[in-house]
Amino acid sequence: MKNAIDNAFFRRFRFVLDFEMPDVSQREDLWKTLLPPECPLDSDVSLRELASRYTMCGGDIKNSIMRAATRAALRSDEEDRKVTMSDLTSACEAEMLKKGADRKTNLAMYS
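218 is the number of the first residue of the sequence shown in the numbering used here; add one for each residue after it.
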């Protein structure tokens with residue numbers, strides 16, 4: 218991000234905080250913390266797999282959860298309104314694309 222800021226403008230900052238991307242364990246904790254306990258999850262959901270597969274910060278994870286929950290809530294059949302792994306992976310993919318990220322460079326399984 219610092220590379221996107223003009224050097225003359227950057228010199229005017231008094232403090233610069235670098236936030237490292239959370240590792241897999243931290244991302245799994247973020248998924249667990251940000252998913253509300255009231256959110257109905259299908260049995261196929263693996264937070265560990267999501268944390269391993271997608272290199273995301275907390276804000277991206279939160280946005281993905283909201284996108285997946287909205288998708289599940291809008292299903293016509295009330296019995297099918299659980300958040301599935303497919304909902305979450307689609308939401309993560311959309312979040313990565315929204316940021317202009319190339320899928321292959323952001324999926325841990327490809328690196």
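Virtual Cβ for every residue (Gly too), placed ideally from N, Cα, C.
Keep in mind it's a predicted model, so treat the numbers as computed, not measured.
Can you tell me whether residue i is buried or exposed, with buried defined as 16 or more other CB within 10 angstroms of its CB?
| i | result |
| --- | --- |
| E237 | exposed |
| S281 | buried |
| D261 | exposed |
| V233 | exposed |
| A225 | exposed |
| R228 | exposed |
| L291 | exposed |
The ligand COA heavy atoms versus the CB of residue i: any closer than 7 Å?
| i | result |
| --- | --- |
| F227 | Inclusion of the ligand COA in the displayed structure is not the case, the ligand content being empty and no account of it being possible. |
Who are the Cβ neighbours of residue i in its own chain at under 7 Å, not counting the five residues just before and after it?
| i | result |
| --- | --- |
| S263 | M302 |
| E295 | none |
| C274 | M238, P239 |
| E245 | L264, R265, A268 |
Using a Cβ-Cβ cut-off of 8 Å (strictly less than) and excluding sequence neighbours within five positions of residue i, which residues of its own chain qualify?
| i | result |
| --- | --- |
| L305 | V262, L267, S281, I282, A285 |
| I222 | none |
Report the option in the options whose CA atom is closest to the CA atom of residue i.
| i | options | result |
| --- | --- | --- |
| T250 | G276, F227, D297 | G276 |
| Q200 | K315, S269, V300 | With the chain covering 218 to 328 only, the question about residue 200 has no answer from this structure. |
| I278 | T287, L252, G317 | L252 |
| D235 | K299, N220, V241 | N220 |
| D259 | F230, K316, R298 | R298 |
Run through DSSP, which three-state label would residue i get?
| i | result |
| --- | --- |
| L267 | helix |
| L234 | coil |
| L251 | helix |
| L305 | helix |
| V262 | coil |
Spatial neighbours of residue i within its chain, please: CB distance less than 6 Å, with the 5 preceding and 5 following residues excluded, ordered by chain position.
| i | result |
| --- | --- |
| A308 | S281, R284, A285 |
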